[in-house]
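Note that the protein sequences, when read in sequence, are chains H and S.
FYI, the numbering for the first sequence is 1 to 473, going by this note's numbering.
FYI, the numbering for the second sequence is 474 to 748, going by this note's numbering.
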Amino acid sequence: MNTDVIDPGHLAGRDTESCLTKADALRDQLGSSLHDNLVAALYEEAAAIAEHATTQHGLRWSGFDQKIDRIVTSRWLGFPIMLALLTFVFWLTIKGANYPSAMIGDALFWLHDRLEAGMKAVGAPWWLTGFLVHGVYRGLAWVVAVMLPPMLIFFPIFTILEDLGYLPRVAFNLDRLFKSVGAHGKQSLTMAMGFGCNAAGVIACRVIDSPRERLIAIITNNFAPCNGRWPTLIMLASLFVAAALPPAYSALAAAGSVVGVTLFGALVMFAVSWGLSRTALKGEASTFTLELPPYRKPQILKTLYTSIIDRTLLVLWRAVVMAAPAGGLCWLLANLTFEGRSLMEIFSGWLNPFGHALGLDGVILLAYIVAIPANEIVVPTILMAYMSKGMMVELDSMAELKQVFVTHGWTPMTAVCLMLFSLLHNPCSTTIMTIFKETRSAKWTIVASLLPLIIAVIVCFAVASLWRMAAGH
Amino acid sequence: MGACGGCGSKCGKQRGVIRLGVDASRLDYLVALAGNPNTGKSTIFNALTGLKQHTGNWPGKTVTRAEGMFEHQRKRFKLIDLPGTYSLLSTTVDEEIARDFLLFGQPDVTIVVLDATCLERNLNLALQVVEITDRVVVCLNLMDEAQRKGICINDRRLSVDLGVPVVPCAARHKVGLDELVRTTHEIASGALTAHPRHVAANHGTMEAVDELVPMIQSMMPGMPSVRWVAMRLLEGDKRIRQALQTGELLQLAAALASRKVQQPQTLAQAKLVPA
Chain H
1 MNTDVIDPGH LAGRDTESCL TKADALRDQL GSSLHDNLVA ALYEEAAAIA
51 EHATTQHGLR WSGFDQKIDR IVTSRWLGFP IMLALLTFVF WLTIKGANYP
101 SAMIGDALFW LHDRLEAGMK AVGAPWWLTG FLVHGVYRGL AWVVAVMLPP
151 MLIFFPIFTI LEDLGYLPRV AFNLDRLFKS VGAHGKQSLT MAMGFGCNAA
201 GVIACRVIDS PRERLIAIIT NNFAPCNGRW PTLIMLASLF VAAALPPAYS
251 ALAAAGSVVG VTLFGALVMF AVSWGLSRTA LKGEASTFTL ELPPYRKPQI
301 LKTLYTSIID RTLLVLWRAV VMAAPAGGLC WLLANLTFEG RSLMEIFSGW
351 LNPFGHALGL DGVILLAYIV AIPANEIVVP TILMAYMSKG MMVELDSMAE
401 LKQVFVTHGW TPMTAVCLML FSLLHNPCST TIMTIFKETR SAKWTIVASL
451 LPLIIAVIVC FAVASLWRMA AGH
Chain S
474 MGACGGCGSK CGKQRGVIRL GVDASRLDYL VALAGNPNTG KSTIFNALTG
524 LKQHTGNWPG KTVTRAEGMF EHQRKRFKLI DLPGTYSLLS TTVDEEIARD
574 FLLFGQPDVT IVVLDATCLE RNLNLALQVV EITDRVVVCL NLMDEAQRKG
624 ICINDRRLSV DLGVPVVPCA ARHKVGLDEL VRTTHEIASG ALTAHPRHVA
674 ANHGTMEAVD ELVPMIQSMM PGMPSVRWVA MRLLEGDKRI RQALQTGELL
724 QLAAALASRK VQQPQTLAQA KLVPA
């Protein structure tokens with residue numbers, strides 16, 4: 001280790017100047033092409049050493065890689081392949097999640113009945129049974145039954161695509177679009193990260209050098225639905241889109257609607273990026289090189305392990321930790337009364353007109369307020385709020401889950417508006433904190449938090465109004 | 474192979490390596506991981522330190538430097554995972570983080586991770602790194618991929634040609650990491666010395682470098698990587714020239730050497746270059 005003391009103060013200007021003059025003189029002698037010559041020599045040397053050490057057997061795989069790339073990133077086939085693949089992933093998720101969901105639901109609600117009986121047997125007061133079993137446990141059971149199976153299918157497939165090297169191809173396909181709206185091409189990479197977690201996506205924006213383009217990427221990252229929101233979107237699609245169609249097409253239609261919502265999110269991302277780069281964050285898009293890495297054989301076992309441990313359980317744990325107090329809170333709100341009406345009725349009553357205008361209702365908006373710390377718990381909170389009103393529903397299948405929503409006045413319009421609201425609304429509190437850390441600016445953090453919310457309100461209001469007009473209400 | 478004996482590195486466990494995570498309480502050697510993007514630097518980093526840097530087939534994931542510790546034969550190593558770079562001559566921020574660290578952070582050993590499936594392009598960086606430091610170990614990673622693609626690499630021949638030790642690895646399967654750590658330790662302790670081959674510059678250029686080096690040294694005693702700086706001046710690198718004039722090159726070197734680098738610092742961030 002070099003232990004010499006370096007003293008910046010020592011620097012003598014005269015020495016520097018004479019040294020630089022000398023360097024210039026020597027450079028004139030050597031000729032201006034020295035840099036090019038050195039680089040050329042370097043490349044030649046690298047080629048010679050590589051050639052000397054390498055022997056190739058059989059067919060050249062790099063050519064094979066290029067052939068695949070020519071197809072998956074081509075102007076005409078790139079997008080259709082991307083959409084088909086995305087649809088296939090969601091189709092597999094929705095189709096595959098049905099059976100384990102029902103089984104897990106059965107098991108957990110069997111335990112629910114035992115718990116209830118057990119509480120009665122030990123003589124627990126009604127409010128304790130209500131709070132713990134009807135509030136907290138039932139909420140948790142729904143989170144696990146509804147969210148776990150899709151995550152177990154979706155996350156590993158997504159991780160395998162990442163491991164394989166497909167995601168950079170997606171970025172390559174989207175690069176042109178991002179540039180055309182005045183944003184950085186690398187924003188497509190940060191968007192792909194956002195599909196996992198928006199907080200991670202916001203940190204990933206560091207790959208963008210220009211502060212202007214980086215801010216655009218940070219502000220719009222929220223429009224890429226994250227791990228916390230995929231289960232909501234998938235569940236709503238399976239319940240309301242798939243169920244409306246004959247079984248043969250239902251899963252495909254549900255998958256298609258999730259893809260549709262994702263595309264809409266991308267569209268909003270482009271629109272907002274375009275708007276920002278024309279107004280508050282004016283400037284030219286900078287250029288960069290995006291390398292397409294070689295395709296690699298995914299490590300199936302490791303992928304399964306990391307996507308189950310690092311993603312599924314993490315998301316589920318976050319949901320459970322957040323959902324338990326939310327479930328308790330919901331039960332309290334539903335059972336504490338003021339002048340004969342429960343607090344839940346009073347609060348959601350206040351929010352109802354506003355919620356109705358957005359195609360939602362007061363309880364949904366209340367759930368979104370409760371769920372600011374974690375998007376994962378929106379649907380569980382809504383469920384707990386509905387179920388805690390004292391009406392006992394035997395919930396042991398997806399059809400009966402849907403029944404709960406329908407008895408509370410949900411229509412396909414409610415589902416569509418909720419999917420859009422979930423896609424567009426403000427980022428979760430973790431992401432907001434990350435945005436502040438990355439931008440060091442309260443102003444931009446507020447913009448990044450409120451802009452999506454405003455857009456969500458406008459879009460839902462427009463969709464609900466048009467829907468009602470079309471339906472003739 | 475020590476205790477691991479005949480089973481070699483294929484046993485899948487790194488005997489003798491104790492993963493210490495971020496516990497940097499004592500430090501014997503500083504080791505940098507350099508290489509092109511997406512060659513498996515983060516995978517090696519995770520395997521040796523037990524930390525969990527995000528990995529994936531995706532260039533540009535390591536945005537800033539990650540640091541972690543491991544222990545081998547009672548010596549503690551700090552491992553720095555640098556962002557992937559194609560060269561040290563370029564201008565992007567991540568390339569500068571890597572370059573400045575190699576130049577002025579004075580790692581005891583630099584592990585250059587090469588992708589065995591595209592050796593030629595990866596060697597460009599390796600040759601630039603050995604211009605800066607002799608204390609280099611080449612990790613020839615992704616050997617499993619190369620094999621699958623029918624590419625056979627003679628690592629001994631490569632080692633002779635480069636003049637530095639070459640360790641073939643398949644980091645995703647933890648193959649070769651034992652040997653990599655052992656070789657790194659030997660270079661760090663001086664038990665093994667590398668004699669890297671330098672890209673032949675013509676006689677006149679070498680003489681010019683020899684003339685400039687003492688001038689730079691007297692101007693800035695203790696400045697590391699003087700030959701490299703001299704070479705850049707002869708090439709007419711405006712940024713290095715400006716950095717010398719304002720004295721910020723020296724400040725950067727001082728900062729990196731004294732603190733063993735906590736924050737990513739680059740010439741660009743030190744406001745040497747007009748954006």
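Think of the CB as a built atom: it goes at the ideal place given N, C-alpha and C, for glycine as much as any other residue.
Model, not experiment: these values are computed from the prediction.
Going by beta-carbon coordinates alone, are H/Ile219 and H/Ala448 separated by less than 8 angstroms?
yes
Residue range of the alpha helix (DSSP H) that H/Lys95 falls in?
Gly78 to Ala121
Please classify H/Gln29: does DSSP put it in a helix, a strand, or coil?
helix
Where S/Asn509 falls, given that 16 or more other Cβ within 10 Å makes a residue buried
buried
Tell me, which residues are paired with H/Gln56 by DSSP?
S/Ile624
Alpha-carbon to alpha-carbon, H/Thr303 and H/Ile153:
12 angstroms
Contact belief for S/Thr522 with S/Phe543 at Cβ below 8 angstroms, rounded distance in angstroms:
S/Thr522 to S/Phe543, Cβ: 5 angstroms. Contact.
CB-CB under 7 angstroms to S/Gly541, same chain, minus the five flanking residues each way: which ones, in chain order?
Shown here for S/Gly541: same chain residues with a beta carbon closer than 7 angstroms to its own, the five before and five after excluded, namely Gly494, Val495, Phe518, Thr522, Leu524 and Leu552 in chain order.
Quick check on H/Ile49 - is its C-beta less than 8 angstroms from some C-beta in chain S?
yes
Can you list the residues of chain S that H/Cys19 reaches, using a CB-CB cut of under 9 angstroms?
Leu685, Met688, Ile689, Ser691, Met692, Leu706 and Leu717
Alpha carbons only, please: which of S/Val648, S/Thr583, S/Gly709 and S/Pro556 is nearest the one belonging to H/Ala23?
S/Gly709
For a cutoff of 8 angstroms on Cβ pairs, would you count S/Val672 as touching chain H?
yes
Counting along the chain, where does the alpha helix (DSSP H) carrying S/Ala505 start and finish?
Note, S/Ala505: premise wrong, no alpha helix (DSSP H); beta strand (DSSP E) at Tyr502 to Gly508.
Taking only beta-carbon atoms, is S/Cys625 less than 8 angstroms away from chain H?
yes
Examine the Cβ distances between the segment 240-259 of chain H and the segment 408-419 of chain H and report whether three or more of them are shorter than 8 angstroms.
yes
Would you say H/Lys302 touches the ligand HEM, meaning its beta carbon is less than 7 angstroms from a heavy atom?
No copy of the ligand HEM occurs in the structure displayed, which carries no ligand at all.
Let me know the secondary structure DSSP gives H/Ile234 once reduced to three states.
Helix, per DSSP.
Proximity test, Cβ basis, 8 angstroms: S/Asp634 and chain H
Residue contact check for S/Asp634 against chain H: a CB pair falls below 8 angstroms.
Tell me whether H/Ile458 is buried or exposed, calling it buried when 16 or more other Cβ atoms sit within 10 Å of its Cβ.
It counts as exposed.
By DSSP, does S/Val672 sit in helix, in strand, or in coil?
coil
Tell me the rounded alpha-carbon separation between S/Pro669 and S/Leu635.
6 angstroms
Looking only at C-alpha atoms, which of H/Arg341, H/Cys460, H/Lys95 and H/Asn227 sits nearest to H/Leu313?
H/Asn227
Can you check whether the C-beta of S/Asn597 is within less than 8 angstroms of a C-beta belonging to chain H?
For S/Asn597, the answer is yes, since a Cβ of chain H falls inside 8 angstroms of its Cβ.
Rounded to whole angstroms, how far is the Cβ of S/Val686 from the Cβ of S/Ala703, which I believe are closer than 8 angstroms?
5 angstroms
Quick check on H/Tyr249: buried or exposed, where buried means 16 or more other Cβ atoms within 10 Å of its Cβ?
exposed
Range of the contiguous alpha helix (DSSP H) that encloses H/Asn352:
Leu343 to Ala357
Alpha-carbon to alpha-carbon, H/Gly78 and H/Ser101
34 angstroms
Taking C-beta pairs closer than 8 angstroms, name the residues in chain S that H/Tyr43 reaches, listed in chain order.
Asn597
Rounded separation between H/Pro231 and S/Leu596 - CA only:
45 angstroms
Helix, strand or coil at S/Thr606 [DSSP, three-state]
In the structure shown, S/Thr606 sits in coil (DSSP, three-state: anything other than H, G, I, E or B).
Start and end residues, alpha helix (DSSP H) containing H/Ala266
Pro247 to Arg278
Close-in-space but distant-in-sequence residues of the same chain around S/Ala643 (CB under 6 angstroms, 5 per side omitted):
Met616 and Asp617
Short of 6 angstroms in beta carbon distance, which residues of its chain neighbour H/Phe195, apart from the five on each side in sequence? Order them along the chain.
Ala224.
Between the alpha carbons of H/Ser18 and S/Val637, how many angstroms are there, rounded?
37 angstroms
Span of the beta strand (DSSP E), counted from its first residue to its last, around H/His134
Note, H/His134: premise wrong, no beta strand (DSSP E); not H, not E.
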